[in-house]
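Sequential numbering from 40 applies to the sequence shown in the working numbering. The block underneath contains the structure these notes are about, expressed in structure tokens.
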Amino acid sequence: MPARPNYKKVSRVAPANTAPITIEIAAGQKAGFTWGDGGIVDKVTKGGLSEKAGVQLKYRLIKVNEDAVSTELRKKDVEALLVAARTESYFLTFASKEVEIKLEAEEEKAAALAAEDVAKKAEEERLAAEAAAAAEARTKEAAEAEAKKKAEEEGAAAAAEEMKAKKAEEARLAAEAAAAEEAAAKEEEERQKAWRNGNVTILYNMYNDPFEIKDGSLTAAAIDEEYCLTDVMPGCQIHLSRISPEEFTKLSQLPEYGADFEVKYEKEEPWGVFQDLETVRKYYVWVVQDPKQQEKERQKMKSQWEKAQAAEKVVAAQKAEEAKEGCSCVDGMPCMDPYICLDWENRVAVACKHGFKPEKIKVWNLT
Numbered sequence: 040m041p042a043r044p045n046y047k048k049v050s051r052v053a054p055a056n057t058a059p060i061t062i063e064i065a066a067g068q069k070a071g072f073t074w075g076d077g078g079i080v081d082k083v084t085k086g087g088l089s090e091k092a093g094v095q096l097k098y099r100l101i102k103v104n105e106d107a108v109s110t111e112l113r114k115k116d117v118e119a120l121l122v123a124a125r126t127e128s129y130f131l132t133f134a135s136k137e138v139e140i141k142l143e144a145e146e147e148k149a150a151a152l153a154a155e156d157v158a159k160k161a162e163e164e165r166l167a168a169e170a171a172a173a174a175e176a177r178t179k180e181a182a183e184a185e186a187k188k189k190a191e192e193e194g195a196a197a198a199a200e201e202m203k204a205k206k207a208e209e210a211r212l213a214a215e216a217a218a219a220e221e222a223a224a225k226e227e228e229e230r231q232k233a234w235r236n237g238n239v240t241i242l243y244n245m246y247n248d249p250f251e252i253k254d255g256s257l258t259a260a261a262i263d264e265e266y267c268l269t270d271v272m273p274g275c276q277i278h279l280s281r282i283s284p285e286e287f288t289k290l291s292q293l294p295e296y297g298a299d300f301e302v303k304y305e306k307e308e309p310w311g312v313f314q315d316l317e318t319v320r321k322y323y324v325w326v327v328q329d330p331k332q333q334e335k336e337r338q339k340m341k342s343q344w345e346k347a348q349a350a351e352k353v354v355a356a357q358k359a360e361e362a363k364e365g366c367s368c369v370d371g372m373p374c375m376d377p378y379i380c381l382d383w384e385n386r387v388a389v390a391c392k393h394g395f396k397p398e399k400i401k402v403w404n405l406t
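As structure tokens, then:
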């Protein structure tokens with residue numbers, strides 16, 4: 040049995056034509072009206088339930104219980120609904136054309152309100168979704184900003200550590216370089232000290248006696264006392280050079296030097312006291328007898344020493360490895376400058392020991 044609608048009790052007095060009319064009818068009982076297509080009332084039985092309820096001609100049956108009666112239904116289809124409903128008590132709802140129009144308007148209004156409510160809810164949901172999306176975007180942006188900041192901080196920390204490590208490495212290398220430079224300087228100092236003290240060979244004609252030097256110094260008087268040069272050549276001046284008279288003759292004939300080649304004497308300070316001599320070198324005696332030549336030699340030596348001192352100042356400002364060219368004999372090439380050669384007299388033999396080819400000797404005009 041279908042649930043009964045919550046309708047008010049129907050008055051037997053015909054109501055005003057302002058609202059639908061609903062009649063409760065017992066099972067098997069008829070309502071006292073006939074209908075046409077679409078449920079249009081075409082006859083109302085006098086004294087019947089429909090008349091008593093106020094149903095009039097041209098009203099339309101709009102509901103059987105809760106089933107709506109469409110205006111498109113044929114008469115027989117409406118009858119089928121009624122037959123099915125009569126098995127038990129049932130309700131019929133009628134409405135005039137005006138009421139139907141009113142109901143349709145109310146239904147349209149209700150539908151519009153419902154649609155408006157749906158649209159409002161949809162807009163609220165859209166705005167809520169946008170707000171949620173915006174909040175999520177802000178959260179994501181904040182997370183990305185935090186991650187970027189963290190990455191930048193970590194990068195900065197890593198860069199700082201790298202810079203710290205780099206500076207530490209540079210400091211370590213600088214300390215090692217300074218230590219190596221200090222050790223090299225100390226070694227060079229020891230070497231110079233060793234070379235500047237001991238015996239040095241002084242050559243003159245057939246003489247090649249050793250003479251003791253202290254701090255690289257030797258007097259011309261000591262040489263004269265041994266070689267008796269002033270006894271043979273009274274008033275002569277004694278000088279020392281790393282090049283012999285024979286080598287002077289050879290070198291002055293080379294295209295690189297020519298007739299302008301000058302013999303460089305070892306430093307004398309004061310006059311007659313030789314300085315900066317080294318035990319690893321050999322020195323040749325040069326004798327000047329002419330007083331005028333002696334003065335000329337004095338001036339020449341003074342000029343040479345001044346140039347040498349200027350060069351030493353330049354060399355001192357440079358790095359040790361760039362200070363000056365070393366002896367090339369140990370690299371397999373005979374020296375061309377007696378003032379940098381460690382063994383000028385034996386330079387060819389030393390160079391040969393280090394790979395110099397003997398057939399090149401004539402080319403260099405060293406023999």
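Each residue gets a CB set at the ideal place from its N, CA and C atoms; glycine is no exception.
- Ordered along the chain, which non-local residues of its own chain (more than five positions away) have a Cβ less than 8 Å from that of A359? By one-based count along the sequence shown, residue 359 stands at place 320. Bear in mind that a pLDDT of 46 at A359, under 50, signals an unreliable position, so the number given afterwards is only what the model happens to contain. E220, A223, A224 and E227, listed in sequence order.
- Task: Report the three-state DSSP secondary structure of N236 (helix, strand or coil).
- Result: Position 197 of the sequence shown, counting from 1, holds the residue named residue 236. Of the three classes helix, strand and coil, the one that applies to N236 here is coil, per DSSP.
- Message: If you measure between the beta carbons of L131 and L112, is that distance less than 8 Å?
- Response: Within the sequence shown, the letter at position 92 stands for residue 131. Within the sequence shown, the letter at position 73 stands for residue 112. Result no, Cβ atoms of L131 and L112 do not sit closer than 8 Å.
- What do you reckon, are the CB atoms on K102 and V94 nearer than 8 Å? As a first step, residue 102 is located in the sequence shown; it is residue number 63 there, counting from the start. As a first step, residue 94 is located in the sequence shown; it is residue number 55 there, counting from the start. Going by C-beta atoms, K102 is not nearer than 8 Å to V94.
- Message: The alpha helix (DSSP H) that contains V94, what's its start and end?
- Response: Locating residue 94 in the sequence shown gives position 55, where the first residue counts as 1. In the DSSP annotation of this structure, V94 is not part of any alpha helix (DSSP H), being labelled neither H nor E.
- Message: If you reduce the DSSP assignment to three classes, tell me which class E229 lands in.
- Response: Along the sequence shown, one-based indexing puts residue 229 at 190. E229 falls in the helix class under three-state DSSP.
- Query: Which whole-angstrom value is the C-beta distance of V138 and A58, which I expect to be below 8 Å?
  - Reply: Taking the first residue of the sequence shown as position 1, residue 138 is located at position 99. Taking the first residue of the sequence shown as position 1, residue 58 is located at position 19. That pair is a contact at about 6 Å.
- Query: What three-state label does DSSP hand L142 in the structure shown?
  - Reply: Translated into the one-based positions of the sequence shown, residue 142 becomes position 103. DSSP places L142 in the helix class (H, G or I) of the three-state scheme.
- Ignoring anything shorter than 4 residues or poking outside the region 107-152, list the alpha helix (DSSP H) runs there in chain order. Correct list: 114-124.
- Message: So for T57, helix, strand or coil by DSSP?
- Response: Residue numbering aside, residue 57 sits at position 18 when the sequence shown is read from its first letter. Shown here, T57 sits in coil according to DSSP, grouped into three states, outside any helix or strand.
- Candidates V389, E143, S128 and V324: which alpha carbon is nearest Q68's? Taking the first residue of the sequence shown as 1, we reach residue 68 at position 29. It is S128 whose Cα lies nearest to the Cα of Q68.
- Task: Kindly indicate which residue of Y304, R281 and F313 has the alpha-carbon position closest to the one of K335.
- Result: The sequence position of residue 335 within the sequence shown is 296, counting from 1. Of Y304, R281 and F313, the residue nearest in Cα terms is Y304.
- Message: Relative to the C-alpha of D76, which candidate in T110, R320 and E200 has its C-alpha closest?
- Response: In the sequence shown, counting from the first residue as 1, residue 76 sits at position 37. Cα-wise, what sits closest to D76 is T110.
- Task: Could you have a look at Y322 and say whether DSSP puts it in helix, strand or coil?
- Result: Walking along the sequence shown from the start, residue 322 turns up at place 283. DSSP places Y322 in strand when its eight states are reduced to three.
- Task: Leaving out five residues on either side along the sequence, give the residues of the same chain with a beta carbon under 7 Å from the beta carbon of D106.
- Result: One-based indexing of the sequence shown puts residue 106 at position 67. If you ignore the 5 residues before and after D106, its C-beta comes within less than 7 Å of the C-beta of L120, all in its own chain and listed in chain order.
- Query: Are there three or more Cβ pairs, one per stretch, closer than 8 Å when the region 236-249 is compared with the region 305-318?
  - Reply: Contact holds: three or more Cβ-Cβ distances are below 8 Å.
- Message: Using C-beta distances below 8 Å, list every residue in its chain close to I60, excluding the 5 sequence neighbours before and after it, in chain order.
- Response: Along the sequence shown, one-based indexing puts residue 60 at 21. V49, P54, A92, G93, V94, Y98, T132, F133 and A134, listed in sequence order.
- For H278: DSSP bridge partner residues: To locate residue 278, count along the sequence shown from 1; it is residue 239. Residue pairing by DSSP places H278 opposite W325 in a beta bridge.
- Item | Per-residue DSSP class, three states only, for F287 | Walking along the sequence shown from the start, residue 287 turns up at place 248. In the displayed model, F287 falls within a helix according to three-state DSSP.
- Query: With DSSP run on the structure shown, which of helix, strand or coil describes K48?
  - Reply: Taking the first residue of the sequence shown as 1, we reach residue 48 at position 9. Summary for K48: the model assigns pLDDT 43, below 50, so the residue's position carries little reliability, and this model does not support an answer.
- Unbroken beta strand (DSSP E) run spanning K102, endpoints: The residue you call residue 102 lines up with position 63 of the sequence shown. R99 to V103 is the extent of the beta strand (DSSP E) around K102.
- Message: Please identify the residue among K187, Y322, F287 and Q292 whose C-alpha is closest to the C-alpha of H278.
- Response: Indexing the sequence shown from 1 puts residue 278 at position 239. Among K187, Y322, F287 and Q292, the Cα nearest to that of H278 is on Y322.
- Message: With distance defined between alpha-carbon atoms, name the residue in Y243, A65, K306 and V117 nearest to W74.
- Response: Numbered from its first residue, the sequence shown carries residue 74 at position 35. Out of Y243, A65, K306 and V117, V117 has the C-alpha closest to the C-alpha of W74.
- Which listed residue (N104, A65 and D81) has its alpha carbon closest to that of L88: The sequence position of residue 88 within the sequence shown is 49, counting from 1. It is A65 whose Cα lies nearest to the Cα of L88.
- On the three-state DSSP scale, how would you describe E307? The count along the sequence shown starts at 1 and reaches residue 307 at position 268. Looking at E307 - three-state DSSP - the assignment turns out to be strand.
- Taking the alpha carbon of C391 as the point to measure from, which residue in I379, C368 and D382 has its own alpha carbon closest? Stepping through the sequence shown from its first residue, residue 391 is reached at position 352. Here the closest residue by C-alpha is C368.
- Going by beta carbon distance, what residues of the same chain come within less than 6 Å of K85, once the five residues before and after it are set aside? Position 46 of the sequence shown, counted from the first residue, corresponds to residue 85. Apart from the 5 residues on each side of it in sequence, K85 has no Cβ closer than 6 Å to any other Cβ in its chain.
- Less than 8 Å separating the beta-carbons of Y266 and Y296? Residue numbering aside, residue 266 sits at position 227 when the sequence shown is read from its first letter. Residue numbering aside, residue 296 sits at position 257 when the sequence shown is read from its first letter. Y296 is positioned such that its CB atom lies no closer than 8 Å to that of Y266.
- Query: If you check the beta carbons only, do F250 and A260 fall under 8 Å apart?
  - Reply: Reading the sequence shown from its first residue, position 211 is the one you call residue 250. Reading the sequence shown from its first residue, position 221 is the one you call residue 260. Taking C-beta atoms as the reference points, F250 and A260 fail to come closer than 8 Å.
- Item | Proximal residues to C380 (C-beta, below 6 Å), its chain only, five neighbours per side dropped | Along the sequence shown, read from residue 1 onward, the residue named residue 380 stands at position 341. Non-local C-beta neighbours of C380 in its own chain, meaning closer than 6 Å and more than five positions away in sequence, comprise C366, C374 and R386, ordered along the chain.
- Query: Can you tell me whether R230 is buried or exposed, with buried defined as 16 or more other CB within 10 angstroms of its CB?
  - Reply: Mapped onto the sequence shown, residue 230 falls at position 191. So R230 counts as exposed.
- Query: Helix, strand or coil: which one does DSSP assign to F395?
  - Reply: Residue numbering aside, residue 395 sits at position 356 when the sequence shown is read from its first letter. Correct three-state label for F395: coil.
- Query: Can you tell me whether W310 is buried or exposed, with buried defined as 16 or more other CB within 10 angstroms of its CB?
  - Reply: Numbered from 1 along the sequence shown, position 271 holds the residue referred to as residue 310. Classification for W310: exposed.
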